[in-house]
Structures are given as structure tokens and as C-alpha cells.
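First comes the structure, then the notes that go with it.
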Amino acid sequence: MAILPICIKGEPVLHTPAAPVTEFDEALRTLVQDMYETMDAAPGVGLAAPQVGVGLRLFVYSYETPEGEPWRGVAINPTLLISPAEPGEPDEDIESEGCLSFPGERFPLRRAERAVLTAVDLDQNPVHLDVTGWRARILQHEYDHLDGYLYVDRLGPGDWKTQDRLTRKYRWGVPGLSWTPGEDDIDA
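Dropping the structure here:
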């Protein structure tokens with residue numbers, strides 16, 4: 276297994292809708308295992324294939340439930356249904372999220388409270404998740420990556436200006452930038 280480099284905001288694969296997975300082979304199994312290792316090393320709670328430079332519709336996730344149980348899996352060729360998000364400004368204390376492709380920063384973002392995901396796993400068995408709270412946020416965040424969006428693309432005007440300033444400061448808006456968890460320091 277290998278820890279993969281994580282693409283930074285300006286990389287084109289992060290802004291392009293990902294293609295469906297059609298080959299369920301050993302290469303896909305290796306990619307998924309490498310993605311788990313990379314996500315854990317980062318550390319993160321989710322990682323989409325475009326974040327490691329692979330334009331395929333899949334992501335891995337890992338989070339501990341409120342009851343302390345592990346919640347971990349892979350979603351391949353997912354579809355996602357969400358409840359309407361509550362109107363209003365997001366709460367900075369409880370609705371902030373970060374992203375491995377925009378490292379070191381967190382911004383508040385209003386998301387739907389509930390998400391229903393259907394997908395398949397590595398053996399093409401159906402996956403069905405009906406979740407709320409942080410798990411719903413994780414699914415929405417990772418699903419956005421598959422459609423070519425970063426969470427910073429969805430920020431309100433004030434936070435968008437801040438992320439734009441940080442993008443220019445760290446020169447993240449250009450292709451070819453990445454970092455490898457455990458090897459590269461991100462000084463954001």
C-alpha cells in the first residue's frame with residue numbers, strides 16, 4: 276500500500292466531474308486501499324478519488340458514530356439525495372469544515388441535515404446509507420468532489436474573499452500542486 280499525494284485547489288481534476296467506475300479489478304482495490312491509507316495519514320474523515328488525481332466517481336469515508344462505533348466504507352458510483360438545508364447563515368462553531376485539498380483552513384458552510392446515499396462497494400454489492408449530522412456532511416462534502424466542487428466553492432461572500440486571499444497567498448490556484456501526508460508540511 277502507498278500513501279498518495281493529495282491535489283491542491285488549482286488542480287484541474289478537482290474541478291472536473293468524475294467519470295463512472297467501469298472496471299472492478301485489482302487496480303481499483305489497490306486504489307481504494309491506498310486512499311484509506313492516505314485518508315488515515317492525513318488525517319481526514321473522507322477522501323474522494325479526484326483528490327488523489329484520479330477522475331473516478333468513488334470516495335472513502337471514516338468517522339466514529341456518536342455511540343463510539345466505527346463508520347467506514349467506500350462509495351463507488353454513488354447517487355446522493357439530501358434534505359433541504361435550513362436557511363440562514365452557518366454557525367461557525369458547529370458547521371465549520373475543512374478539506375485536504377484546501378489544507379489547514381476551516382470555514383462554516385450550511386449543509387443539509389440528512390443525506391441518503393446509494394452506491395456499490397468493491398464487490399459491486401449495494402451500499403445504502405441514510406444518515407444525519409456529521410455523517411451527512413461528510414457524504415455531501417465527498418460527493419461534491421465527484422462533481423468537481425470544493426467546499427470553498429460554496430462559501431458565502433465574506434468567507435469566499437478570505438479563501439480567495441489564501442489561495443493567492445499560498446499559490447494554490449495553479450495546477451500541479453500537491454502534498455503527501457506524513458512527508459510534506461503544509462504551512463497554511
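Under my numbering, read the sequence shown as residues 276 to 463, first letter to last.
Ideal Cβ positions, reconstructed from N, Cα and C, are used throughout, including at glycine.
Which same chain residues end up closer than 7 Å to residue i when comparing Cβ atoms and leaving out the 5 residues on each side of it in sequence?
i	result
Tyr338	Val320, Trp346, Trp409, Arg410 and Ile413
Ala387	Ile357, Ser358, Pro359, Ala360, Ala411 and Gln415
Are residue i and residue j close, meaning C-beta to C-beta below 9 Å?
i	j	result
Tyr426	Leu392	no
Pro325	Leu452	no
Val402	Pro353	yes
Gly423	Gly285	no
Val327	Leu303	no
Val406	Ala390	yes
Ile351	Gln308	no
Take the Cβ of residue i as the centre, count every other Cβ of all protein chains shown within 10 Å, and call the residue buried at 16 or more, exposed below.
i	result
Ser358	exposed
Met310	buried
Arg446	exposed
Arg443	exposed
Ala277	exposed
Ala323	buried
Glu372	buried
Pro365	buried
Output needed for residue i: all residues of its chain with C-beta closer than 8 Å, excluding positions within five of it in sequence on either side, in chain order.
i	result
Gln438	Phe377, Glu380, Phe382, Val427 and Leu430
Pro292	Leu421, Asp422 and Gly423
Val288	Cys282, Pro325, Gly328, Val329 and Gly330
For the beta strand (DSSP E) that contains residue i, what are its first and last residues?
i	result
Tyr338	Leu333 to Glu339
Trp346	Pro345 to Ile357
Arg389	Arg389 to Val395
So residue i is in the alpha helix (DSSP H); what residue range does that whole segment cover?
i	result
Asp405	Looking at the DSSP string, Asp405 is not in any alpha helix (DSSP H); the run it does join, the beta strand (DSSP E), is Pro401 to Thr407.
Ala302	Glu301 to Ala316
Gly433	Pro432 to Tyr445
Please confirm whether any heavy atom of the ligand NAP lies closer than 8 Å to the CB of residue i.
i	result
Ala411	The ligand NAP is absent from the structure shown, which contains no ligand whatsoever.
In chain order, what residues of the same chain lie with their CB nearer than 6 Å to the CB of residue i, ignoring the 5 residues before and after it?
i	result
Ala317	Leu375 and Pro456
Pro432	none
Leu404	Leu392
Leu279	Asp309, Thr313 and Val327
Just confirm the distance between the C-beta atoms of residue i and residue j, as a whole number of angstroms; I'd bet it's less than 8 Å.
i	j	result
Arg332	Pro295	5 Å
Does residue i come within less than 9 Å of chain C when only Cβ atoms are used?
i	result
Gly363	Reference to chain C is not applicable here, since this structure consists of a single protein chain.
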